[in-house]
Amino acid sequence: KKIFRILLIENPDVVNKVIVVPGDIQESILGMCDEVLINVIHEVTIIFHVAAGISFFKPLRFSVINNC
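So in the UniProt record's numbering, spot 37 of the sequence shown is number 37, and the numbers just go up one at a time.
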């Protein structure tokens with residue numbers, strides 16, 4: 001938490017630069033629509049990949065093994 005407070009103090013506009021891009025890692029081009037893909041190609045310099053597979057029908061162990 002402390003690092004985010006420092007970041008916001010030093011650069012308050014940083015939150016305006018971060019967006020969530022919904023998609024599907026099993027789809028072509030991650031399931032992004034053309035508009036989002038074009039924006040990513042031309043405007044994005046850093047990507048944080050946080051995709052994960054979750055199943056509420058399988059034991060928690062399955063998700064931990066496949067996502068860690």
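For each residue, glycine too, the CB sits at the ideal point set by N, CA and C. A quick note: this is a predicted structure, and the numbers were derived from the prediction, not measured.
Would you identify the three-state DSSP class for residue i, choosing helix, strand or coil?
i: I19; result: coil
i: K1; result: coil
i: N39; result: helix
i: D24; result: coil
i: N67; result: helix
Measuring CB to CB, does residue i end up less than 7 Å from residue j?
i: V14; j: L7; result: yes
i: residue 85; j: V36; result: The chain is shown only over 1 to 68; residue 85 falls outside these bounds and no answer can be derived.
Could you work out which residue in the options is closest to residue i when comparing CA atoms only?
i: G53; options: I29, N67 and E27; result: N67
Expressed to the nearest angstrom, what Euclidean distance is found between the alpha-carbon atoms of residue i and residue j?
i: K38; j: I25; result: According to the sequence as given, residue 38 is Ile; it is not Lys. For I38 and I25, the distance between alpha carbons rounds to 18 Å.
i: I65; j: V44; result: 30 Å
i: H42; j: P12; result: 24 Å
i: S28; j: L60; result: 28 Å
i: G23; j: E10; result: 31 Å
Just to confirm my understanding: we take residue i, look at its own chain, exclude 5 residues before and 5 after, and list those with CB closer than 7 Å. What are they?
i: F62; result: S55
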